[in-house]
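The block underneath contains the structure these notes are about, expressed in structure tokens.
Numbering (the numbering used here), first residue to last: 145 to 234.
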């Protein structure tokens with residue numbers, strides 16, 4: 145299985161959205177909303193239509209690892225020791 149990915153403005157990896165799930169956006173950080181292609185050739189066909197921010201094709205296993213790493217980084221950043229929430233100031 146394959147996904148189409150690109151780099152977002154904040155340096156995070158974004159996945160092409162499955163338009164049958166939502167039509168409000170084209171790219172997502174959420175793996176559950178990502179368009180998953182069963183064949184590499186199908187992903188290549190869709191990739192030809194995309195031109196901005198150098199999209200590419202990755203395997204589903206790679207996408208799972210990237211998504212997990214990004215989620216872990218997001219959690220770590222949100223509970224930074226100097227954060228006002230962590231200090232009980234919110």
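Backbone N, C-alpha and C fix where the C-beta goes; we use that ideal spot for every residue, glycine too.
Comparing C-alpha distances from residue 212 to each of 156, 160, 179 and 185 shows the shortest one belongs to 156. In the three-state scheme derived from DSSP, where H, G and I count as helix and E and B as strand, residue 200 is classed as strand. Residue 151 is bridged by DSSP to 157.
Residue burial is scored here from C-beta neighbours: residue 149 has at least 16 other C-beta atoms within 10 angstroms and is therefore classed as buried.
Taken through DSSP and simplified to helix, strand or coil, residue 171 comes out as strand.
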